[in-house]
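Participant: Input: one structure, supplied below.
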Amino acid sequence: MMQIDNSSNDIIVSVSGLQKSYGDHQVLNGVNLDVRRGERIVICGPSGSGKSTLIRCINGLETYNGGSITVQDPKSDTPLVKLSDVRREVGMVFQSFNLFPHMTVLQNCVLAQVKVRGEQKEAARERAIHFLDKVRVQDQAHKYPGQLSGGQQQRVAIARALCMTPSVMLFDEPTSALDPEVVQEVLETMVALAREGMTMLCVTHEMGFAQQVADRVIFIDGGNIVEEAPPAEFFRAPKHIRTQSFLRSVLGTGERAAA
Numbered sequence: 000m001m002q003i004d005n006s007s008n009d010i011i012v013s014v015s016g017l018q019k020s021y022g023d024h025q026v027l028n029g030v031n032l033d034v035r036r037g038e039r040i041v042i043c044g045p046s047g048s049g050k051s052t053l054i055r056c057i058n059g060l061e062t063y064n065g066g067s068i069t070v071q072d073p074k075s076d077t078p079l080v081k082l083s084d085v086r087r088e089v090g091m092v093f094q095s096f097n098l099f100p101h102m103t104v105l106q107n108c109v110l111a112q113v114k115v116r117g118e119q120k121e122a123a124r125e126r127a128i129h130f131l132d133k134v135r136v137q138d139q140a141h142k143y144p145g146q147l148s149g150g151q152q153q154r155v156a157i158a159r160a161l162c163m164t165p166s167v168m169l170f171d172e173p174t175s176a177l178d179p180e181v182v183q184e185v186l187e188t189m190v191a192l193a194r195e196g197m198t199m200l201c202v203t204h205e206m207g208f209a210q211q212v213a214d215r216v217i218f219i220d221g222g223n224i225v226e227e228a229p230p231a232e233f234f235r236a237p238k239h240i241r242t243q244s245f246l247r248s249v250l251g252t253g254e255r256a257a258a
């Protein structure tokens, strides 16, 4: 594991007292979380616990009812104010691939660069090819999403997010919609990104991935962070009874072990 600077000026995302509700249903109950540059955090918990809502709030896809979220501008080290600026720095990969079916893989990766970042098409194309190569689907560049396997489509979705050169990558259960035989190819892509030092928050039930690359594992239940610890401690000696129950359930179903 890489060494994370614990100084406050290394914090790139700060979540303070975050609250989110849908009508009378409280989803997040005052969540506090600091993310440091280069840190890899895996967020796990039962369905409906609020983990996906948390990262959707960070990306600005969900509004929240209380608390605050601050994302630092990596260039000026000052908080980003505009939502459009936050989304430029915080990339997100979803459960579903969200690729435009009428566009080729290459066109999918070029579009946002041109429309959002104002890149020239040739520069955007070169960057797209670079990241498609990084996730090992460059040979699929001129195909349409429907011609690709689920694993290939998810790797294209990762490449598309990387093309925006984000400071932080959020993953919302990126393997949950995939057939079991293609899950590993997506996890290998994410492991490679983690080892290159990408700041990552990943909502996942892939505990082997958590053990392999995470600096910190966070367990959320009922809208609260119940437990957080380095992977060795989290898996070897979980302290909270809810964490213990969750791990027995997940690891007892043939969940992938760490490589």
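The opening position of the sequence shown corresponds to residue 0 in numbering that gives the first Met the number 0, with each subsequent residue numbered one higher. Glycine included, each C-beta is placed from N, C-alpha and C at the ideal position. This structure is a prediction, so every number in the text was calculated from the model and none was measured.
1) Quick one: any contact between the stretch 71-79 and the stretch 230-244, if contact means 3 or more CB pairs under 8 angstroms?
2) Would you kindly check if the distance between the Cβ of residue 210 and the Cβ of residue 230 is under 8 angstroms?
3) What did DSSP end up calling residue 227 once you bin it into helix, strand or coil?
4) In the DSSP assignment, what residue or residues form a beta bridge with residue 20?
5) Give the secondary structure of residue 119 by DSSP, where H, G and I count as helix, E and B as strand, and everything else as coil.
6) Exposed or buried, what is residue 114 when buried is set at 16 or more other beta-carbons lying within 10 Å of its beta-carbon?
7) CB residue 66 to CB residue 17, shorter than 8 angstroms?
8) Out of curiosity, what's the CA-to-CA distance linking residue 145 and residue 93?
9) Of all the options 203, 208, 134 and 214, which has the alpha carbon lying nearest to the alpha carbon of residue 54?
10) Residues in the same chain with beta-carbon distance under 6 angstroms from residue 21, minus the five sequence neighbours each way, listed in chain order, please.
11) Taking DSSP as the reference, what is the three-state secondary structure of residue 254?
12) List, from N- to C-terminal side, the alpha helix (DSSP H) runs of 4 residues or more that fit wholly inside the stretch 171-248.
13) Answer yes or no: do residue 261 and residue 158 have a C-beta to C-beta separation smaller than 8 angstroms?
14) Which of the three DSSP states, helix, strand or coil, is assigned to residue 138?
15) Tell me the residue span of the alpha helix (DSSP H) that contains residue 149.
16) When we look at the beta-carbon of residue 12 and count the other beta-carbons within 10 Å, is it buried (16 or more) or exposed?
17) Assuming residue 82 and residue 49 form a contact by the criterion Cβ under 8 angstroms, report the distance between their Cβ atoms to the nearest whole angstrom.
18) Keeping to the same chain, check which residues put their C-beta closer than 8 angstroms to that of residue 124; ignore five residues upstream and five downstream.
19) Please tell me whether residue 86 and residue 193 are closer than 8 angstroms, where the distance is taken between their beta carbons.
20) So residue 92 is in the beta strand (DSSP E); what residue range does that whole segment cover?
21) Rounding to the nearest angstrom, what Cα-Cα distance links residue 240 and residue 216 in this structure?
22) Reducing DSSP to helix, strand and coil, say where residue 144 ends up.
23) Just how far apart, CA to CA, sit residue 139 and residue 183?
24) Locate the alpha helix (DSSP H) running through residue 55, then write down its first and last residues.
25) Can you tell me whether residue 169 is helix, strand or coil according to DSSP?
Facilitator: Let's see:
1) no
2) yes
3) strand
4) 25
5) coil
6) exposed
7) yes
8) 17 angstroms
9) 203
10) none
11) With a pLDDT of only 43 at residue 254, under the threshold of 50, the placement of this residue in the model should not be trusted; the figure read from the coordinates follows. Three-state result, residue 254: coil.
12) 179-194, 206-212 and 230-235
13) As shown, the chain starts at 0 and ends at 258. That puts residue 261 outside it, with no answer to give.
14) helix
15) 149-161
16) buried
17) At roughly 21 angstroms, the Cβ-Cβ gap does not stay under 8 angstroms, so residue 82 and residue 49 are not in contact.
18) 105 and 109
19) no
20) 89-92
21) 16 angstroms
22) helix
23) 19 angstroms
24) 50-57
25) strand
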